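Worksheet for the structure shown next.
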Amino acid sequence: MQDILDRSAFGATLLQWLIAAGTLGGVYALLAVIRKVALTRLAAIAARTTMQWDDLALEILRRTRPYFLFVLALQAALRVIPPDARVGGVLTNFSIVLVLIQVGVWGGGLIGFAVNHYSRMREEGDVGARTTIQAVGYGGRFLLWALLAVTALDHFGIQVTALVAGLGVGGIAIALAVQNILGDLFAALAIVLDKPFVVGDFIIVDTVLGTVEHIGLKTTRLRSLGGEQIIISNNDLLKSRIRNYKRMEQRRIVFTLDVTYDTPPEQMDRLPAIIREVVEGQKLTRFDRSHFLTFAESSLRIETVYFVLAADYHTYANTQHAINMALLRRFAAEKIEFAFPTRTVHHHGSGDATAP
Numbered sequence: 213m214q215d216i217l218d219r220s221a222f223g224a225t226l227l228q229w230l231i232a233a234g235t236l237g238g239v240y241a242l243l244a245v246i247r248k249v250a251l252t253r254l255a256a257i258a259a260r261t262t263m264q265w266d267d268l269a270l271e272i273l274r275r276t277r278p279y280f281l282f283v284l285a286l287q288a289a290l291r292v293i294p295p296d297a298r299v300g301g302v303l304t305n306f307s308i309v310l311v312l313i314q315v316g317v318w319g320g321g322l323i324g325f326a327v328n329h330y331s332r333m334r335e336e337g338d339v340g341a342r343t344t345i346q347a348v349g350y351g352g353r354f355l356l357w358a359l360l361a362v363t364a365l366d367h368f369g370i371q372v373t374a375l376v377a378g379l380g381v382g383g384i385a386i387a388l389a390v391q392n393i394l395g396d397l398f399a400a401l402a403i404v405l406d407k408p409f410v411v412g413d414f415i416i417v418d419t420v421l422g423t424v425e426h427i428g429l430k431t432t433r434l435r436s437l438g439g440e441q442i443i444i445s446n447n448d449l450l451k452s453r454i455r456n457y458k459r460m461e462q463r464r465i466v467f468t469l470d471v472t473y474d475t476p477p478e479q480m481d482r483l484p485a486i487i488r489e490v491v492e493g494q495k496l497t498r499f500d501r502s503h504f505l506t507f508a509e510s511s512l513r514i515e516t517v518y519f520v521l522a523a524d525y526h527t528y529a530n531t532q533h534a535i536n537m538a539l540l541r542r543f544a545a546e547k548i549e550f551a552f553p554t555r556t557v558h559h560h561g562s563g564d565a566t567a568p
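Numbered per the numbering used here, the sequence shown spans residues 213 to 568.
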């Protein structure tokens, strides 16, 4: 029996191979049990808490594949075999490939976790933002696997310098060919991250105005007040000046009233106080000022400024309607006449001259 165990095969004795096999099986079984117990406990902790670190740890542990546990067990088993054994190098290279694959799975899981976490933070109707961030996640995964592939090729002695250079030149050519598409894609990413507007906001872009319906990878779609859909490329959108009315906390309102020139000075002096009383009598208003500012062509003009403490246009329209009606009644009660465009021509002429 001892002679059989001492026989050599592939650079190691049969006894060493048996010990290595036992080590491989034992370590793998131990790691599998540890992974299963850790998964159970982490899942219970994640269900009880709202923190993100335990969810992330659970995701990483779930993505730890059995072949990675096999690699760890294999490395423990290879310590029993002499380092100069011919099969040792093959198994080591095989282990490196599996480790790189596991790193790719872990990295993809981290990217997916970040994308899902960000998507959950977005509003339910903000489909465009979620689509954009998911596209960025796909790009991140592609880049990760490309780097791992280059690392594997370099490890096996394959010259990747020329390959990387070729890919770089090709990438530059492709980027120049699709630079407009890439510009819109990066603009979409900027919109998602910086959030100058979101789906549902009413915005004005130069002379275009409407409600944001969709934020896509290349374009953003607005629904105008007239009902038609307006499509603007994301790159052009960020180059423009955008007014976001949805985020307006209050409206500054300026209006003027014109009264006739024959209004007595005493009434003119009381008019700002009357207007202030009317404005302050409305809900959601803050009075700012009211002054007799201008001698207009056919009237005495009073300018009034107040704030509507709401962004909704209907609230402003209802408030201004109530103010106008109240002023109309007060002016009628005070016998103050509104001015309308008139022009009075004074003619000074001499009588007809008759010859003696």
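Cβ coordinates follow ideal geometry from the N, Cα and C atoms, glycine included.
None of the values given here were measured: they were computed from a predicted structure.
Would you mind sorting residue i into buried or exposed? The rule is 16 or more other CB atoms within 10 Å of its CB.
| i | result |
| --- | --- |
| GLY349 | buried |
| ALA232 | buried |
| ASP396 | buried |
| ASP267 | buried |
| PHE368 | exposed |
| MET263 | exposed |
| ALA285 | buried |
| ASN447 | buried |
| THR554 | exposed |
| ILE246 | exposed |
| ILE570 | Shown here, the chain extends from 213 to 568; a query on residue 570 therefore has no answer. |
| VAL404 | buried |
| ALA567 | With a pLDDT of 47 at ALA567, under the threshold of 50, the predicted position of this residue should be treated as unreliable, though the coordinate-derived value follows. Exposed. |
| ILE345 | buried |
| LEU230 | exposed |
Terminal residues of the continuous beta strand (DSSP E) containing residue i?
| i | result |
| --- | --- |
| LEU434 | 431-435 |
| GLN287 | First-last for GLN287: 278-290, but that is the alpha helix (DSSP H), not the beta strand (DSSP E). |
| THR468 | 463-471 |
| GLU425 | 420-427 |
| ARG455 | 454-456 |
| TYR550 | The residue asked about is misnamed: residue 550 is Phe in this sequence, not Tyr. Unbroken run through PHE550: none, as it is neither H nor E. |
| PHE414 | 414-417 |
| ILE442 | 441-445 |
Assuming residue i is part of the alpha helix (DSSP H), what are its boundary residues?
| i | result |
| --- | --- |
| ILE184 | Since the first residue of the chain shown is 213 and the last is 568, residue 184 is not available in this structure. |
| ARG274 | 265-274 |
| PHE504 | Careful: PHE504 lies outside any alpha helix (DSSP H), inside the beta strand (DSSP E) at 497-507. |
| LEU540 | 525-546 |
| LEU521 | Here LEU521 belongs to no alpha helix (DSSP H), and DSSP marks it neither H nor E. |
Going by the beta-carbon positions, is the gap between residue i and residue j smaller than 9 Å?
| i | j | result |
| --- | --- | --- |
| ARG513 | THR468 | yes |
| ALA523 | GLU440 | no |
| LEU273 | ALA244 | no |
| LEU355 | ALA399 | no |
| PHE282 | LEU236 | yes |
| ILE393 | VAL410 | no |
| SER445 | LEU421 | no |
| TRP540 | ILE487 | Reading off the sequence shown, one finds Leu at residue 540, where the question assumed Trp. Contact flag unset, no. |
| ASP413 | VAL424 | yes |
| VAL317 | ARG260 | no |
| VAL309 | ALA364 | yes |
| ILE535 | VAL490 | yes |
| TRP265 | GLY320 | no |
| ARG463 | VAL520 | yes |
| ALA288 | VAL239 | yes |
Less than 8 Å between the CB atoms is what I'm expecting for residue i and residue j, so what's the real figure, rounded?
| i | j | result |
| --- | --- | --- |
| GLU515 | VAL466 | 7 Å |
| PHE499 | TYR525 | Rounded, the Cβ-Cβ distance is 20 Å, inconsistent with contact. |
| ILE323 | ARG275 | Not a contact, Cβ separation roughly 11 Å. |
| GLN228 | PHE280 | Actually they do not touch by this definition, with Cβ atoms about 25 Å apart. |
| LEU254 | LEU270 | 4 Å |
| SER502 | ALA551 | Contact flag wrong, Cβ pair sits at about 17 Å. |
Please report whether the beta-carbon of residue i lies at a distance below 9 Å from any beta-carbon of chain B.
| i | result |
| --- | --- |
| TYR350 | Looking at the structure shown, chain B is missing, and only one protein chain is on hand. |
Checklist entry - Looking at C-beta atoms only, is the number of pairs between the stretch 446-459 and the stretch 471-480 that lie closer than 8 Å three or more? => result no
Checklist entry - Between the stretch 537-553 and the stretch 478-496, do at least 3 Cβ pairs fall closer than 8 Å? => result yes
Item to check | Validate contact between the stretch 494-506 and the stretch 419-434 using beta carbons, cut 8 Å, 3 pairs | outcome: No, the stretch 494-506 does not touch the stretch 419-434.
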